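Reviewing the structure listed below.
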Amino acid sequence: MQDKSFVAFKPEEVGALSQKTLVATHNLHETSLFSDESLIKLLDNHNRDCLYAHTMGEDPENPSEWYNGTTDKLTGEELLTAVKRGKLWLNIVKIGDFHPQYKELLDEMYEQIEAQAEHFRSIRRSYTLLISSPKSMVFYHADPYDVFLWQLRGKKRVYVYPFEETFAPTKSMERIFTREAIEDLPYSLDFDEHAEVLDLNPGQMVSWAQNSPHRVVNLEDVNISITSNHYTDSALRREFVYSANRYFKRLGIPASSTATKGLLADSKIFAFRALRKLNIHALEPYNYKKTFVVDPQAPQGFRFLSNP
Ligand SMILES: [Fe+2]
Numbered sequence: 018m019q020d021k022s023f024v025a026f027k028p029e030e031v032g033a034l035s036q037k038t039l040v041a042t043h044n045l046h047e048t049s050l051f052s053d054e055s056l057i058k059l060l061d062n063h064n065r066d067c068l069y070a071h072t073m074g075e076d077p078e079n080p081s082e083w084y085n086g087t088t089d090k091l092t093g094e095e096l097l098t099a100v101k102r103g104k105l106w107l108n109i110v111k112i113g114d115f116h117p118q119y120k121e122l123l124d125e126m127y128e129q130i131e132a133q134a135e136h137f138r139s140i141r142r143s144y145t146l147l148i149s150s151p152k153s154m155v156f157y158h159a160d161p162y163d164v165f166l167w168q169l170r171g172k173k174r175v176y177v178y179p180f181e182e183t184f185a186p187t188k189s190m191e192r193i194f195t196r197e198a199i200e201d202l203p204y205s206l207d208f209d210e211h212a213e214v215l216d217l218n219p220g221q222m223v224s225w226a227q228n229s230p231h232r233v234v235n236l237e238d239v240n241i242s243i244t245s246n247h248y249t250d251s252a253l254r255r256e257f258v259y260s261a262n263r264y265f266k267r268l269g270i271p272a273s274s275t276a277t278k279g280l281l282a283d284s285k286i287f288a289f290r291a292l293r294k295l296n297i298h299a300l301e302p303y304n305y306k307k308t309f310v311v312d313p314q315a316p317q318g319f320r321f322l323s324n325p
């Protein structure tokens with residue numbers, strides 16, 4: 018591992034962080050923390066309740082072919098073998114909670130970013146390691162928080178779409194902010210005419226305008242990446258306003274403005290936080306059903322438990 022880790026945005030661009038798609042350079046991929054040996058160790062020492070295994074179909078317009086699986090008795094080495102030979106996408110969430118050396122490194126990256134971007138202050142950070150097969154993909158979606166995607170090994174194509182009603186309808190976004198849905202955005206291939214398309218190589222990190230819809234396709238080799246999630250004050254305000262609108266509408270109170278500044282927004286945020294504290298707003302959160310088991314011996318690296 019080299020002495021000094023770094024991440025750097027172009028000084029003339031960094032003022033637009035969280036408002037535009039920006040690519041930064043970093044050297045996280047040069048540390049030994051993402052070698053096969055280190056990844057196996059991490060997988061063997063990670064809480065399996067915080068590891069989500071997925072496989073998927075071929076058609077980016079059909080998100081119903083996104084499947085959740087189990088990895089229960091497999092070792093880290095078996096999991097890595099299955100990903101390398103098959104079509105799998107592992108989301109290893111909360112790595113900062115279980116592996117202090119990864120947390121330390123990523124916290125240091127955030128400190129450097131905050132030093133470069135005066136307007137950017139992050140809270141509620143969470144780090145997810147992605148280990149994914151060549152040619153696998155993640156369907157079109159938007160996240161409720163801000164995201165940085167750090168590429169460490171392999172190559173990814175990232176499509177980023179505008180945060181506008183056509184691409185991120187308010188009704189769907191409300192359900193994403195309240196965690197009732199995770200993949201609820203309608204998508205068609207012709208959206209791609211409006212996408213920014215970037216090929217992400219090891220040593221690059223991409224960030225985009227807050228909550229922009231995106232999809233990701235692995236190009237070659239096994240891909241190792243980190244997604245770091247965080248909130249800024251502005252991200253938090255948008256989540257509160259959209260969530261408040263959703264709850265108020267359910268109570269029969271009209272609420273449609275998505276403005277995050279001004280007296281109306283302040284009042285909605287205040288009321289929503291009070292309601293949340295009383296816990297009387299509960300909505301049904303999204304639930305995963307497991308339909309396959311990871312199997313390093315199977316040609317695709319998994320077996321369906323029954324016909325999906
Ligand atoms: Fe995402």
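Residue numbers (my numbering): 18 to 325. Where is the CB? At the ideal position from N, CA and C, for every residue including glycine. Just so we're clear, the structure is a prediction, and the values are computed from it rather than from any experiment.
- Gly93 carries a helical assignment under DSSP once its states are collapsed to helix, strand and coil.
- Taking one beta carbon from each stretch, the stretch 129 to 145 and the stretch 85 to 97 have fewer than 3 pairs nearer than 8 Å; the two do not touch.
- Proximity of the beta carbon of Ala41 to ligand 1 is not indicated: no heavy atom of the ligand is located closer than 8 Å.
- Contact between the stretch 255 to 271 and the stretch 199 to 215 is absent: fewer than three C-beta pairs spanning the two stretches fall below 8 Å.
- Comparing alpha-carbon positions, the option among Tyr176, Asn108, Glu94 lying closest to Arg102 turns out to be Glu94.
- Every beta strand (DSSP E) stretch that sits fully inside the stretch 230 to 265 and reaches 3 residues is listed by chain position as 231 to 248.
- Sorting Met222, Val177, Asp160 by C-alpha distance to the C-alpha of Asn228 places Asp160 at the top.
- Straight through space, the alpha carbons of Lys104 and Phe184 are spaced by roughly 28 Å.
- With the rule of 3 Cβ pairs closer than 8 Å, the stretch 32 to 42 counts as touching the stretch 214 to 225.
- In the three-state DSSP reduction, Gly318 falls in the coil class, being neither helix nor strand.
- Judged by DSSP secondary structure, Gln133 falls within the alpha helix (DSSP H) whose first and last residues are 117 to 133.
- Residue list for ligand 1: His158, Asp160, Val164, His231 (CB closer than 6 Å to any heavy atom, chain order).
- When DSSP assignments are scanned along the stretch 29 to 67, the uninterrupted stretches of beta strand (DSSP E) that are 3 or more residues long and fall wholly within it turn out to be 39 to 43.
- Across the set Glu78, Asn62, Ala132, the C-alpha of Asn62 shows the shortest separation from the C-alpha of Pro117.
- Separation of Asn44 and Leu281 (C-alpha to C-alpha, rounded to the nearest whole angstrom) is 44 Å.
- For Lys172, the secondary structure class from DSSP, reduced to helix, strand or coil, is strand.
- Contact check for Val175 against Leu169 fails: the beta carbons are separated by 9 Å or more.
- Taking a contact to require three or more Cβ pairs closer than 8 Å, the stretch 142 to 150 and the stretch 239 to 257 qualify as touching.
- Counting only the Cα atoms, Phe287 lies some 42 Å from Asn235.
- Taking Glu256 as the centre and dropping the five residues before and after it, the same chain places the C-beta of Pro161, Phe194 closer than 7 Å to its C-beta, in chain order.
- Between Pro77 and Tyr157 the beta-carbon gap is near 7 Å, inside 8 Å, which marks them as a contact.
- Pairing Val233 with Lys172 gives a Cβ-Cβ distance that is not under 9 Å.
- For Pro230, the number of other beta carbons within 10 angstroms of its own is at least 16, and it is reported as buried.
- The straight-line gap separating the alpha-carbon atoms of Asn64 and Asp53 is approximately 19 Å.
- Collapsing the DSSP output to three states places Leu146 in a strand.
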